[in-house]
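*Asks:* Have a look at this one before I ask anything.
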Amino acid sequence: MKYSTFLTVPVLLGAFLALGGCGIDSSTTGSDGGPMAMDGGTDGSHEDGSVALDGGDDAGTQKPPLSGELGPIEGEAKFTKTTEGVPMDGVRCDAVEYDSQGFNIKGQVCRPTAGDKFPLLIANHGLGAYKSTHAAAWAKLGFAVFESAYRGEGGSDGLIDYCKGEVYDVRRMIQIAKAQTYVDTSTVGMVGYSHGGCVTMKVLAAEAYAGTTKFDAVVNVFGPADWAATYNHIAKLQDLCLIDSKPCDTLADLRRATGGAPKEEPEAYEERSPLFLTQLLEDVAAPLLILHATGDSIVPYGPNCGLAVAMGEFEAWHIGFDGNAKAGAPPACNLNGLTWSGGTAPTTTYGAERTIVVYDTISPFGHAENLGAGMNMQSRALAFMKNKIGL
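Residue numbers are given in numbering that gives the first Met the number 0: position 161 of the sequence shown equals residue 160, and the series is strictly consecutive.
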């Protein structure tokens, strides 16, 4: 799949073509992707939008293990194949392969050609956008960058699982990365774009709960927080399917992975959505930056504001069309629990441990990572990582 719904948009035309809908009756699928109701449920059945857990170490008992992609990681901490890349501009990117739940998963590792040990950065790409995470640029900052292609992408075995099996694939990559002699495991960052932003949040929750990885900085760039809302957000854009059918194909594939539309399989959408993991995420200590835009025709930004409210203690910034901070909330983020600051928004130094920045953009350019506000998002992501990790 060269092009799809939840990915970083490489060109102007792509921003238009990455829209979807294709005759799907969104009136039967619930949420419209607008202001988030804080009951969190895709069908109104959930009260708090969190995962129910029994026990816990706050009562002096061992936390119960989670299951599936959030549970224990199995397998040897090694790559099954490594093909060395040709050094270019001070960076070498190797092609790697490894086993994940019986699937052969491909990936890449980029690191500086000079030096012995480097801080670890996990880079998670958008759907259909493997190798679009600026891995070489991150490596030039001094990181050893590990990017999994995930199952179903980049020549890997399996099928796309939409922020489920991919989470396990990335956690396996982390396990292997930490065993490499050139990795400084005392400093770990993670960044995710679009679908990879969702993967990033779930990996963060699982690793924090298990106590296996302490992240020093995490960035989520327009990742879906609620897959039901994302499905419905795209399904409303029915006429744009005449321009390109790929987004419609993506929604069909999402129904394949989940078993149906959100109204038919609400739990399958919830288990893929970070918004329903807030009980795990609220106690995460890692500095976190969430970046999104109002004109995102692919992933609705409102659920990420809802996620910030549910996690708590976020500093919120609304960047207007003129590039200046606005004191008022973006339309889909008018929620109790977020105070939108005026004045000068942080660009290089971030005092808060949790920050959300929402940009005003014209649709469909809110999901174009290298156009307009998207370019500013990448600059902020780089600056946040450097600031929190101390590069």
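In this text, a Cβ means the ideal position worked out from N, Cα and C, and glycines have one as well. Computed from a prediction, not measured in an experiment: that's the story for all the values here.
Enumerate in chain order the residues of its own chain whose CB-to-CB distance from A372 is below 6 Å, with the five nearest sequence positions on each side excluded.
*Replies:* Counting only Cβ-Cβ distances below 6 Å, and skipping sequence neighbours, we find A292, Y358 and T360.
*Asks:* On the CB-based measure, 16 or more other CB atoms within 10 Å of its CB, does L241 come out buried or exposed?
*Replies:* The residue in question, L241, is exposed, as its Cβ has fewer than 16 Cβ neighbours within 10 Å.
*Asks:* In the structure shown, what three-state DSSP assignment does K80 receive?
*Replies:* Three-state result, K80: strand.
*Asks:* For E206, which residues from the same chain have a beta carbon less than 6 Å from its beta carbon, with the 5 sequence-adjacent residues on both sides left out?
*Replies:* Around E206: T212.
*Asks:* With 16 other CB atoms within 10 Å as the buried threshold, where does M87 fall?
*Replies:* It is exposed - the Cβ of M87 has fewer than 16 other Cβ atoms within 10 Å.
*Asks:* Can you tell me the Cα-Cα spacing of A204 and V283, whole angstroms?
*Replies:* Looking at the two C-alpha atoms, the distance is approximately 7 Å.
*Asks:* When you compare the CB positions of N386 and I289, do they come within less than 8 Å of one another, or not?
*Replies:* Not closer than 8 Å, so no.
*Asks:* Quick check: the Cα distance between H194 and H124, rounded to an integer number of angstroms?
*Replies:* H194 and H124: Cα-Cα distance of roughly 7 Å.
*Asks:* Mapping DSSP to helix, strand and coil, what is V95?
*Replies:* DSSP places V95 in strand when its eight states are reduced to three.
*Asks:* For the alpha helix (DSSP H) containing N335, list its first residue and its last residue.
*Replies:* Note, N335: premise wrong, no alpha helix (DSSP H); not H, not E.
*Asks:* Of all Cβ atoms in chain D, is any one closer than 8 Å to the Cβ of F383?
*Replies:* The chain labelled as chain D is not found in the depicted structure, where only one protein chain is given.
*Asks:* By the three-class DSSP mapping on this structure, what secondary structure does L276 have?
*Replies:* Note: L276 maps to helix in three-state DSSP.
*Asks:* Tell me which residue opens and which closes the alpha helix (DSSP H) that G182 is part of.
*Replies:* The residue asked about is misnamed: residue 182 is Val in this sequence, not Gly. Element bounds for V182: not the alpha helix (DSSP H) but the beta strand (DSSP E), V182 to Y192.
*Asks:* Which value, in whole angstroms, describes the spacing of the CA atoms of T229 and E73?
*Replies:* Computed Cα separation, rounded: 32 Å.
*Asks:* Who are the near neighbours of R271 in its chain, counting only those whose CB is closer than 6 Å to its CB and skipping five residues on each side?
*Replies:* Excluding sequence neighbours, R271 sits near Y161, C162, K163 and W226.
*Asks:* Which residue from I121, L69 and S131 puts its Cα closest to that of V182?
*Replies:* Ranking the options by Cα distance to V182, first place goes to I121.
*Asks:* Run through the DSSP bridge pairs and tell me what I318 is partnered with.
*Replies:* DSSP lists A324 and Y358 as partners of I318.
*Asks:* Helix, strand or coil: which one does DSSP assign to G106?
*Replies:* Of the three classes helix, strand and coil, the one that applies to G106 here is strand, per DSSP.
*Asks:* Are the beta-carbon atoms of G319 and P363 separated by less than 8 Å?
*Replies:* No; because the gap between Cβ atoms is not below 8 Å, this pair is not in contact.
*Asks:* Tell me the residue span of the alpha helix (DSSP H) that contains I289.
*Replies:* Element bounds for I289: not the alpha helix (DSSP H) but the beta strand (DSSP E), L287 to A292.
*Asks:* I355 to E75, Cα distance in whole Å?
*Replies:* Near 37 Å, if we compare the C-alpha coordinates of E75 and I355.
*Asks:* Could you compute how far the alpha carbon of T112 sits from the alpha carbon of S147?
*Replies:* So the alpha carbons of these two residues sit roughly 21 Å apart.
*Asks:* Report, in whole angstroms, the separation of the C-beta atoms of F313 and L337, which I expect to be a contact under 8 Å.
*Replies:* The pair is a contact, with the Cβ atoms about 6 Å apart (cut-off 8 Å).
*Asks:* Can you list, in chain order, the residues of its chain whose CB lies under 7 Å from that of T348, leaving out five sequence neighbours each side?
*Replies:* If we look at T348 and ignore the five residues flanking it on each side, its Cβ neighbours are N386.
*Asks:* My assumption, with CB atoms under 8 Å, is that A285 sits in contact with V217. Please give the rounded CB distance.
*Replies:* Right, their Cβ atoms sit about 5 Å apart.
*Asks:* For A326, is the classification buried or exposed, using 16 other Cβ atoms within 10 angstroms of its Cβ as the cut-off for buried?
*Replies:* Flag for A326 reads exposed.
*Asks:* Inspect the beta-carbon positions of S296 and L253 and report whether they are closer than 8 Å.
*Replies:* For S296 and L253, no; Cβs fall outside 8 Å.
*Asks:* For my contact list, A324 and T343 are in at a C-beta cut-off of 8 Å; report their separation, rounded to the angstrom.
*Replies:* About 7 Å separates the two Cβ atoms, so the contact holds.
*Asks:* Within 10 angstroms of its Cβ, does N231 collect 16 or more other Cβ (buried), or is it exposed?
*Replies:* Under this definition N231 is a buried residue.
*Asks:* Just the C-alpha distance for E165 and K262, rounded to the nearest angstrom, thanks.
*Replies:* About 24 Å.
*Asks:* Below 8 Å on the Cβ atoms is my contact criterion, and I expect V392 with V144 to pass it. Report the Cβ-Cβ distance as a whole number of Å.
*Replies:* In the structure as shown, the chain starts at 0 and stops at 390, and residue 392 therefore has no counterpart that could be examined.
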